[in-house]
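**Student:** A single structure is presented below for examination.
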Amino acid sequence: MIDTSPPADVQATIEQLWIYPIKSCAGISLTEAELTETGLAYDRSWMVVDAQGDFVTQRELPRMALIQPAFKLGQLVLRAPGMLALHLALDAAESPLRVRVWGDTVDAYDMGEVAAQWFSDFLGPDAPAGLKRLRLARFDPEVRRLCSLKWTGGREAVTQFADGFGLLVTSSASLVELNARLAQAGHATVDGRRFRPNIVLGGLEAHDEDRVGPMHITTAEGVAVIETVKPCARCPIPNIDPATAVSSPAVGDALQTYRQDPRMDGAITFGMNAIPLEGHGQWLRVGQAVRADWRFD
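Under the numbering used here, the first residue of the sequence shown carries the number 204, and numbering increases by one thereafter.
Shown next, in the form of C-alpha cells:
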C-alpha cells in the first residue's frame, strides 16, 4: 500500500513486537501480532493468583521470570527449569473464578488443578507462606476492564490483565541511553526484556516516545492508530535479570538519576502506556512504518 499521507514530524519503524501471555512471566518475541481492542492478541490473557484470587507478579515471586511460554499447535506451552512442560489449549477454561488485579475485581476462569499444581510446584518452595498455593486464571473475554478514564481523556479503552493499559511502547534508543549510563557507572548493560514492552520503536532519539502524539502505523490492511496516554512508572521489576531471576538495584538506581518524571509526581518512568484507537483486527509487523506528530501539552 502506497502511503500518500502528508509528512509527519516523527518517522519511525516497529523494531520489535512482544507479548506476555501470562502476566509477569517471560515474553514471546514476534515478527507479527494482531492488534485487538485490548492490545496485542494473547497479551496478558492469563494471570497467576493466590488462594484468594489476588494477582501475583515478579514483585513477590521473581522466579516467574523463568517461566517461558510458547505457542505450538493451538496450545500455550510453558517451560521452566526442572519442570516438565505444561500444555494448555488456547481455548481451554474450567470453572468461573473471581480475581483481583490492582483495584479491579473481575470475572475470569480457573485453568484447573494440573495448572495450579505446576505453578505451585515451581514457585511455591521459595514463596512466602501466603503464596505457596497458586492457581492460573484466564481472562473472561466477555469482561470489559476499563483503563483509567483520567489518562485516556475520557475515552473508553479496555485491557485484560495488564497493569492498566493495553500496550507499552518503548524505543531502542532509550535502552541505549540507559546502557550508556550503566556502563559509565561500572555496571553491566541490560536488555529490553526487563521493561516488558509490547512495541519497540526504531529511528527515534532516546525517550522521544514520551512526546509523540497518535502513532499511525501502515499495515497491509490499512492504517492502525495507537496513542500514548500515560508515562509508565517503574516498580522494582526492571532490576530483575530475566535470565536468572536475580534482582540487583543497578537499573533502578541509574534511572533515578535522570528519569524522575514530574508528570508522575517524581516517580521514575521508562516507556509509555498506550491504547489502540483504530485498526482492531489489523496485523502489526516488524519493519512497518510509524508516523506521528509531536504532542505539546
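In this text, a Cβ means the ideal position worked out from N, Cα and C, and glycines have one as well.
May I have the straight-line CA-CA distance separating T399 from S248, to the nearest angstrom?
**Tutor:** Position 196 of the sequence shown, counted from the start, is the residue given in the question as residue 399. Position 45 of the sequence shown, counted from the start, is the residue given in the question as residue 248. Residue identity check: residue 399 is Arg in the sequence provided, not Thr. Approximately 15 Å between the Cα atoms of the pair.
**Student:** Per DSSP, what kind of secondary structure is G425 in: helix, strand or coil?
**Tutor:** As a working note, residue 425 is residue 222 in the sequence shown. Three-state DSSP puts G425 in coil, outside helix and strand.
**Student:** Thinking G389 and V428 are a contact (beta carbons under 8 Å), I'd like their distance in whole angstroms, please.
**Tutor:** On the sequence shown, residue 389 is found 186 positions in, with the first residue counted as 1. On the sequence shown, residue 428 is found 225 positions in, with the first residue counted as 1. That belief does not hold up - the Cβ atoms of G389 and V428 are roughly 43 Å apart, past 8 Å.
**Student:** What number of angstroms, rounded off, separates the C-alpha of V252 from the C-alpha of A365?
**Tutor:** Locating residue 252 in the sequence shown gives position 49, counting from the first residue. Locating residue 365 in the sequence shown gives position 162, counting from the first residue. Computed Cα separation, rounded: 14 Å.
**Student:** Counting only the same chain and skipping the five closest in sequence on each side, list residues whose C-beta sits under 6 Å from that of L378.
**Tutor:** Translated into positions along the sequence shown, residue 378 becomes position 175. Correct list, in chain order: G395.
**Student:** Assess contact between the segment 254–264 and the segment 279–287, defined as three or more Cβ pairs (one per stretch) separated by less than 8 Å. Is contact present?
**Tutor:** At 8 Å Cβ cutoff, the stretches do not touch.
**Student:** For A292, which residues of its own chain have a beta-carbon under 7 Å away from its beta-carbon, when the five flanking residues on both sides are left out?
**Tutor:** Within the sequence shown, residue 292 is the residue found at index 89, counting from 1. Only G277, Q278 meet the Cβ criterion.
**Student:** Is G484 closer than 8 Å to T362 when the C-beta atoms are compared?
**Tutor:** On the sequence shown, position 159 is the one that residue 362 refers to. On the sequence shown, position 281 is the one that residue 484 refers to. Taking 8 Å as the Cβ cut-off, T362 and G484 do not qualify as a contacting pair.
**Student:** Is the Cβ-Cβ distance between E412 and S374 less than 8 Å?
**Tutor:** For the purposes of this step, residue 412 is taken as the residue at position 209 of the sequence shown. For the purposes of this step, residue 374 is taken as the residue at position 171 of the sequence shown. Their beta carbons are under 8 Å apart, which means E412 touches S374 by this criterion.
**Student:** Whole beta strand (DSSP E) runs in the segment 336–361 with 3 or more residues, listed along the chain?
**Tutor:** Those beta strand (DSSP E) runs which fall completely within the segment 336–361 and span 3+ residues are 338–342.
**Student:** Leaving out five residues before and five after M204 in sequence, what residues of the same chain have Cβ atoms less than 6 Å from its Cβ?
**Tutor:** Start at 1 with the first residue of the sequence shown, and residue 204 comes out as number 1. For M204, the predicted model reports a pLDDT of 48, less than 50, meaning its position is unreliable; a value from the coordinates is still stated below. So no residue of the chain qualifies.
**Student:** Rounded to a whole number of angstroms, what is the C-alpha to C-alpha distance between T391 and D456?
**Tutor:** The residue labelled residue 391 in the question sits at position 188 within the sequence shown. The residue labelled residue 456 in the question sits at position 253 within the sequence shown. The residue asked about is misnamed: residue 391 is Ala in this sequence, not Thr. Distance between the alpha carbons of A391 and D456: 13 Å.
**Student:** Just to check my reading of the structure: I501 and E408 have Cβ atoms closer than 8 Å, yes? What is that Cβ distance to the nearest angstrom?
**Tutor:** With the chain running from 204 to 500 in the structure shown, residue 501 is simply not present.
**Student:** Decide yes or no for the touch test of the segment 334–349 against the segment 317–325: beta carbon pairs closer than 8 Å, at least 3 of them.
**Tutor:** Contact between the segment 334–349 and the segment 317–325 is present, because at least three Cβ pairs lie under 8 Å.
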